[in-house]
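S.K.: Residue 1 is where the sequence shown starts when you use full-length UniProt numbering, and the numbers rise one by one after that. Glycine included, C-beta positions come from ideal geometry on N, C-alpha and C.
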Amino acid sequence: MTVAATNGSASTSDPLALARQAAVPNRLKECVTSGRLAHSFSIKLVKTVEIVHYAAAAGYDAVLIDLEHSSFGLETTNQLSCAALQVGVTPIVRVPANTSDWISRALDGGAAAVIVPHVNSVAEAENVVRYAKFAPLGERSATSGMPILRYNSVPAKYANPVANDATVVICMIETERALEIADDIAAVEGVDIILIGSSDLTADMGIPGDFDNARLADAYARVSSACEKASKKHGRPVTMGIGGLNGRPDLIEKFASLHSNGRYAMSGADNGMMLSAMKAGAAKCKVMSDKLQAYN
C-alpha cells in the first residue's frame, strides 16, 4: 500500500492506521463532536478558489458550496472543494437533488460533507446515506485517489471505512411534514446532522420570514429533541444544524444557547455580504455627494 507520510507522523505497518493518517481532518466534525459551534460560509456567486482562502483567513470552519441556489457545476465544485481541503476548512456541498449522480460525484470531487435539501421521509434520508457512504453503511461506488485521502493509493478495504468516518451526512428539514417525523429522520443510521432550513420551513408554515415566531422556536426544540434521542440510540452525536438565519446572528446564538446539540450554523454567504458591503459603500458616497452639492 502506498500512503505518503503526513504531518510528520511516524511510520506504521498498520494499513488502517496509515489510511487514517492520509485522511484530511474534518474540521466541521471535530467542532460539533467537541461541542463547539461550527460556522460555514456559503458560496453562491464567486467561482474562483480565492473565495475559499478569504473564508479561511476570516476564520470560518467550513465553506458551503451551494449547488441548490447557484449556477455552479461539478467542475467548479471540485476546484473549490479541493482548495478548501488544502487550506484546512471543511468543504460542504449542498446538492440540488437527492440522487447518486449529485451526491457521490460531489464527494468524489473533494467534498467532506454533503447537504441534501427537502428530506421529507425516512426513505429519503436513507437514500442520502446510501449514496454518500460506502458499504456496509451505503452503496457508494468505490473509487481511488480520493481528495479526502490526499489522493493516496489506499486499498478499498481501508479507504472506504476511513472515508465513511471522514464524511458528514446532513439532511435538511424544511417542511412541516418532515418536522412531524423528525425523530424518525434523525434516527436513520449514518445521518450526522439534521439542518433546519428556516426560510423554507417558515414559508411552509405560512409565516414566511417570520423568524421570531414561536412556531419556529418550537421547531428547533423538536429537532433538538429528535437529535438527542438519535444520539442515545446510536451512541454517537447527532447534531442539530441552524440554517437560513445568516442575517439573524442573534437567533443563531439563541438557538445554539438553548440547545446544546445545536452546533452547526450557516453564518454568511458571498452574495449577501457583498451586497451589504456595497450598499454601505454606496450610502457613504451618497452622503459625500450630497455634501459636495450643498457647497455649490
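Can you tell me which residues form a DSSP beta bridge with residue 62?
M.R.: For residue 62, which the question treats as bridged, DSSP gives the partners 40, 90.
S.K.: Suppose only complete runs of 4+ residues qualify. What are the alpha helix (DSSP H) ranges in the stretch 230-261, listed by chain order?
M.R.: Those alpha helix (DSSP H) runs which fall completely within the stretch 230-261 and span 4+ residues are 249-258.
S.K.: Does residue 114 come out as helix, strand or coil in the three-state DSSP assignment?
M.R.: Looking at residue 114 - three-state DSSP - the assignment turns out to be strand.
S.K.: Where residue 272 and residue 240 are concerned, what is the direct C-alpha to C-alpha distance, given to the nearest angstrom?
M.R.: Spanning the two alpha carbons is a distance of roughly 24 Å.
S.K.: Please classify residue 110 as buried or exposed, where buried requires at least 16 neighbouring CB atoms within 10 angstroms.
M.R.: Counting Cβ neighbours within 10 Å, residue 110 comes out buried, since at least 16 surround it.
S.K.: Determine the direct distance from the alpha carbon of residue 278 to that of residue 289, and round the result to whole angstroms.
M.R.: So the alpha carbons of these two residues sit roughly 16 Å apart.
S.K.: Can you look up residue 71 in the DSSP assignment and give me helix, strand or coil?
M.R.: Note: residue 71 maps to coil in three-state DSSP.
S.K.: Consult DSSP for residue 146 and reduce its assignment to one of helix, strand or coil.
M.R.: DSSP places residue 146 in coil when its eight states are reduced to three.
S.K.: Determine the burial state of residue 258: buried for a count of at least 16 other Cβ atoms within 10 Å of its Cβ, exposed for fewer.
M.R.: Classification of residue 258: exposed, given that the 10 Å Cβ count is below 16.
S.K.: Assuming residue 93 contacts residue 106 under a Cβ cut-off of 8 Å, what Cβ separation, rounded to an integer in Å, is found between them?
M.R.: The Cβ separation is near 4 Å, so the contact holds.
S.K.: Which residue wins for smallest C-alpha separation from residue 113, given the options 96, 130, 128, 91?
M.R.: The shortest C-alpha separation from residue 113 is found at 91.
S.K.: Please name the residue, chosen from 163, 73, 47, 123, that lies closest to residue 25 on a Cα-to-Cα basis.
M.R.: Comparing Cα positions, the closest option is 163.
S.K.: Determine the burial state of residue 202: buried for a count of at least 16 other Cβ atoms within 10 Å of its Cβ, exposed for fewer.
M.R.: So residue 202 counts as buried.
S.K.: Assess contact between the stretch 181-201 and the stretch 142-156, defined as three or more Cβ pairs (one per stretch) separated by less than 8 Å. Is contact present?
M.R.: No, the stretch 181-201 does not touch the stretch 142-156.
S.K.: Do you know how far the Cα of residue 78 is from the Cα of residue 8?
M.R.: Low confidence applies to residue 8: its pLDDT is 46, below 50, so where it sits in the model is not reliable, and the reading given next is rough at best. Their backbone Cα atoms lie some 27 Å apart in a straight line.
S.K.: Residue 303: which of 20, 34, 265, 190 sits nearest, CA to CA?
M.R.: Missing from the structure shown is residue 303; the chain here goes from 1 to 296 and no further.
S.K.: Under 8 Å, do residue 55 and residue 63 count as touching if we go by C-beta distance?
M.R.: Yes; because the gap between Cβ atoms is below 8 Å, this pair is in contact.
S.K.: Going by C-alpha distance, which of 108, 115, 249, 69 is nearest residue 192?
M.R.: When each option's Cα is compared against that of residue 192, the closest is 115.
S.K.: Could you check what DSSP says for residue 264 in three-state terms: helix, strand or coil?
M.R.: If DSSP states are grouped into helix, strand and coil, residue 264 belongs with the strands.
S.K.: Go through its chain and collect everything with a Cβ distance to residue 28's Cβ below 8 Å, but skip five positions before and after it.
M.R.: Once the five neighbours on either side are set aside, the close Cβ partners of residue 28 are 38, 40, 61, 62, 90, 92, 112, 113, 168, 264.
S.K.: Using the Cα positions of residue 207 and residue 34, report the straight-line distance between them to the nearest angstrom.
M.R.: For residue 207 and residue 34, the distance between alpha carbons rounds to 35 Å.
S.K.: Using alpha carbons as the reference points, say which of 246, 230, 157, 231 lies closest to residue 197.
M.R.: If we check each option's Cα against that of residue 197, 246 comes out closest.
S.K.: Below 8 Å between beta carbons: does that hold for residue 251 and residue 222?
M.R.: Contact: no.
S.K.: Considering only their Cβ atoms, is the gap separating residue 224 from residue 268 smaller than 8 Å?
M.R.: No, these two residues do not count as a Cβ contact at 8 Å.
S.K.: Tell me residue 272's beta-bridge partners as DSSP assigns them.
M.R.: Answer is none; residue 272 lacks a bridge partner.
S.K.: Is residue 286 buried or exposed, if buried means 16 or more other CB atoms sit within 10 Å of its CB?
M.R.: That one is exposed.
S.K.: Would you say residue 134 and residue 98 are within 8 Å of each other, going by their C-beta atoms?
M.R.: Taking 8 Å as the Cβ cut-off, residue 134 and residue 98 do not qualify as a contacting pair.
S.K.: Excluding the five sequence neighbours on either side, which residues of its own chain have a C-beta within less than 7 Å of the C-beta of residue 51, listed in chain order?
M.R.: Correct list, in chain order: 43, 270.
S.K.: Using alpha carbons as the reference points, say which of 108, 53, 212 lies closest to residue 74.
M.R.: Here the closest residue by C-alpha is 108.
S.K.: Which residue from 120, 176, 138, 85 puts its Cα closest to that of residue 103?
M.R.: Nearest C-alpha to residue 103: 138.
S.K.: Let me know the secondary structure DSSP gives residue 80 once reduced to three states.
M.R.: In the structure shown, residue 80 sits in a helix (DSSP, three-state: H, G or I).
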